[in-house]
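Protein chains in written order, with the numbering used here: chain A, 832 to 978; chain B, 832 to 978; chain C, 832 to 978; chain D, 832 to 978.
Glycine included, each C-beta is placed from N, C-alpha and C at the ideal position.
There are 4 protein chains.
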Amino acid sequence: MSRFEWPVRVYIEDTDAGGIVYYVNYLKYMERARTEFFRKFDSGGNYIADDKSMFVVHSLNSQYLKPAKLDDTLIATVKVIKYGKANISMEQNIYRQRDVDEQSTGSEIEAVGELLCRGEVKIACVDRRMIKPRRMPLELLAGLKDL
Amino acid sequence: MSRFEWPVRVYIEDTDAGGIVYYVNYLKYMERARTEFFRKFDSGGNYIADDKSMFVVHSLNSQYLKPAKLDDTLIATVKVIKYGKANISMEQNIYRQRDVDEQSTGSEIEAVGELLCRGEVKIACVDRRMIKPRRMPLELLAGLKDL
Amino acid sequence: MSRFEWPVRVYIEDTDAGGIVYYVNYLKYMERARTEFFRKFDSGGNYIADDKSMFVVHSLNSQYLKPAKLDDTLIATVKVIKYGKANISMEQNIYRQRDVDEQSTGSEIEAVGELLCRGEVKIACVDRRMIKPRRMPLELLAGLKDL
Amino acid sequence: MSRFEWPVRVYIEDTDAGGIVYYVNYLKYMERARTEFFRKFDSGGNYIADDKSMFVVHSLNSQYLKPAKLDDTLIATVKVIKYGKANISMEQNIYRQRDVDEQSTGSEIEAVGELLCRGEVKIACVDRRMIKPRRMPLELLAGLKDL
Chain A
832 MSRFEWPVRV YIEDTDAGGI VYYVNYLKYM ERARTEFFRK FDSGGNYIAD DKSMFVVHSL
892 NSQYLKPAKL DDTLIATVKV IKYGKANISM EQNIYRQRDV DEQSTGSEIE AVGELLCRGE
952 VKIACVDRRM IKPRRMPLEL LAGLKDL
Chain B
832 MSRFEWPVRV YIEDTDAGGI VYYVNYLKYM ERARTEFFRK FDSGGNYIAD DKSMFVVHSL
892 NSQYLKPAKL DDTLIATVKV IKYGKANISM EQNIYRQRDV DEQSTGSEIE AVGELLCRGE
952 VKIACVDRRM IKPRRMPLEL LAGLKDL
Chain C
832 MSRFEWPVRV YIEDTDAGGI VYYVNYLKYM ERARTEFFRK FDSGGNYIAD DKSMFVVHSL
892 NSQYLKPAKL DDTLIATVKV IKYGKANISM EQNIYRQRDV DEQSTGSEIE AVGELLCRGE
952 VKIACVDRRM IKPRRMPLEL LAGLKDL
Chain D
832 MSRFEWPVRV YIEDTDAGGI VYYVNYLKYM ERARTEFFRK FDSGGNYIAD DKSMFVVHSL
892 NSQYLKPAKL DDTLIATVKV IKYGKANISM EQNIYRQRDV DEQSTGSEIE AVGELLCRGE
952 VKIACVDRRM IKPRRMPLEL LAGLKDL
C-alpha cells in the first residue's frame, strides 16, 4: 500500500518560545495531510466533514524525535494500516525535507528526509449531531479498498 | 461606564520563536475577556454563541506596544464604547499585571500594570445559519443599558 | 501519589467546525496543567523553560472518549507515573466538571466529572540551545521525590 | 506597485464552532503571505526572523466582510503601501478564490475572487534580544526600493 505525502512549510505561527515547532502543531500537519489524502477519493465534497457525518480522532500516539524549526519544509505522510466501516488507522510521520542539493542515498525514508515525528492515528466516522459512530461514505470505503 | 478585567496567564502555547507572545494571541485573550464579560449578563446560556445567533468580529484595530513573555500574568479588559441593536464596540486592552510587591502609584492604568496592547473591537450579532445581522438577545441589550 | 487538578474553560478559540473542542487543544490543556503543577515546586522561576533548559514532549498517547463543547468547564489532571533524571512520565486526563448541583456519588472519578480524554505524556528535559537531553533542575527532582 | 498573492487552504484547525474560519486565523494567513513575499528578496535566510533581528507587528486594522468556510481556497495578498528604515506598512486582503469554472469578468478584484477580509498591517524590525527598533536588512530595503 503506497504512502501519501503532503508538504508543509513552518511559519512563525507554528513555533513556540523554545524556538522550535510547538509539538501539538505536528498533529495539525498530520490532519492537513489526512484531509488532502481524502480529497483524492472525493467527488466534490469533503470526507473529513460534511452535513451529516465527520471524522473525529479516536486515539493517537506519537513520538517526537527531533525538532522542526522556523522555515523548514516538512513532509507529512499518510499510510492506511487498517480500516473498518466506521474507522481508519493510519501511520502518519513528519519528515524534514532534504535540501534539493543533498545527495540522495536511495532508501525510502532518506528519499523524503529526516524523520522528526512518528505518529499513529485512529479516526472514527461519527454522526455530526449525535457524535455517535456512523458508517463512512461508501465512495470513501470503496476508495480505501482500491488502494 | 466601568471596565471589566479578566486575568490571563501566558503558556508556552501562546508564544512564538521570537520568545514572546505571538501577536494574534492577544486577540484570543480579548475574546476570552468578552466572553466572561457577557457571562455576567447571562442567565444560564452563552451570549457569544447559542443555537440561533452568535457574535462575530466585524472589525478591529490594535497597536502592539510591548511584548508579553512566557509565564506573564496579563489582564484583558473590556469597556463598552457604543452599541446598537446588533453590534457592540469595545475598547479592549492587554496589560502586564504588576507584581504584588511593586508600589502602586494610584493612576487607573498603573493600578492594573503596564499597557502592552491597545485594541478596539466591534462585534456584530448574526444569525447562525445565514451569517446575516440579527438583533442581539434582549437580556443582553438590557444588561448593556444598565451598565 | 496524589493527583494535581487544573480547571480550564472552553472558549470559542478552542472549538472547530464540528462544534466541539478541536482535539489537539486537549493537549494544550494538559500542558497548562503540567505548567501549573511544576509551578508548585518552583521558587520564582519556570521549570517548563528557563534560559538553559526546557522540557519538550518526548512521546504521548491519548484516547478521545467524548467531546467537550463551547463553554464547558474542564479539569485537566497530572499524575506522575515514573521519572528519571531527565524525564517524567505522567498520566493526564481531561474531565468535564460536574455541575455543582449534580449529586456526587463518591468515587474518585465521579468526584471530578465525566472522563473525556485519557492521556499519557512523557516529557524530557533538554538543553535549550542544543535540544539534547539534560538533567532537570535539582529542586524539581527533589520536589518529585517528595510527592 | 504590484500585489503579491499567496494561496491558503482552510483546514479544520482553522475553523470554530460557528462553522466558519476563526477570525484571528485570517491574521495568520496574512503573515504566511508576508513571509512568502519576503522570501522573494531573500538570498538564503529569512527576513521575518534571523539571529539578530525580527519583524513584529506594530499595529493592524481589519474588517471582516464575509466568512470563509472549511475547505475554501483563499488568496492572501500583500501590497506595500509605505516603508521606512525599520518598518513597512502593507495592505493585506483575504479573498475566496473563484471556482475555475466561474466566468471571469476582468476587473482586478474579481480576477482573484470574493473579498472576505480587508487588512492593513504595519510591521517593525526589532532587535531580537532587546525588542527595540532596528534597521531592517539592507538587501530587504533594496528589494523594497526595486518594487
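Taking only beta-carbon atoms, is residue i less than 8 angstroms away from chain B?
i        : result
C:Glu970 : no
A:Asp958 : no
D:Ala890 : What sits at residue 890 of chain D in the sequence shown is Ser, not Ala. Taking Cβ atoms only, chain B reaches closer than 8 angstroms to D:Ser890, which makes this a yes.
A:Tyr926 : no
With which residues is residue i paired in a DSSP beta bridge?
i        : result
D:Phe835 : D:Val909
B:Asn856 : None; B:Asn856 has no bridge partner.
A:Thr846 : A:Val852
B:Asp786 : Residue 786 of chain B falls outside the range modelled here, since chain B spans only 832 to 978, and no answer is possible.
B:Leu891 : B:Val952 and D:Ser893
C:Lys900 : C:Ile851
D:Leu946 : D:Tyr926
B:Ile879 : Beta-bridge pairing links B:Ile879 to no other residue.
B:Pro968 : B:Pro968 is not bridged to any residue.
D:Met921 : D:Val911 and D:Val952
B:Arg840 : B:Thr904
Answer yes or no: does any C-beta atom of chain A fall closer than 8 angstroms to that of residue i?
i        : result
D:Tyr842 : yes
D:Glu922 : no
B:Tyr914 : no
D:Lys859 : yes
B:Tyr895 : no
B:Asp847 : yes
C:Val855 : yes
For residue i and residue j, which I take to be in contact (beta-carbon distance under 8 angstroms), what is that distance rounded to the nearest angstrom?
i        : j        : result
C:Asn918 : C:Ile954 : 6 angstroms
D:Val952 : D:Leu901 : The Cβ separation is near 25 angstroms, so there is no contact.
B:Ala848 : D:Ala864 : Contact doesn't hold; Cβ gap of about 18 angstroms is too wide.
C:Ala899 : C:Met861 : With 8 angstroms as the limit, C:Ala899 and C:Met861 do not qualify as a contact, their Cβ atoms being about 13 angstroms apart.
B:Val909 : B:Arg834 : 7 angstroms
D:Tyr914 : D:Cys948 : Contact flag wrong, Cβ pair sits at about 23 angstroms.
C:Val855 : A:Leu858 : 5 angstroms
B:Gly944 : B:Gln928 : 5 angstroms
Using a Cβ-Cβ distance under 8 angstroms, would residue i count as near chain D?
i        : result
B:Ala907 : no
C:Gly944 : no
B:Ile851 : yes
From the beta carbon of residue i, is the nearest beta carbon of chain C less than 8 angstroms away?
i        : result
B:Ile879 : yes
Which residues of chain A have a Cβ atom closer than 9 angstroms to the Cβ of residue i, listed in chain order?
i        : result
D:Thr866 : Arg840, Tyr842, Ile843 and Asp902
D:Lys953 : Residues of chain A passing the Cβ test: none, with the nearest at roughly 17 angstroms.
Who are the neighbours of residue i on chain A, taking C-beta pairs under 8 angstroms?
i        : result
D:Glu862 : Tyr842, Ile843 and Glu844
Strictly below 8 angstroms CB to CB, what residues from chain B border residue i?
i        : result
D:Pro898 : Val887 and Ile962
**Message:** With three or more C-beta pairs closer than 8 angstroms as the rule, is the region 837 to 856 of chain D touching the region 957 to 965 of chain C?
**Reply:** no
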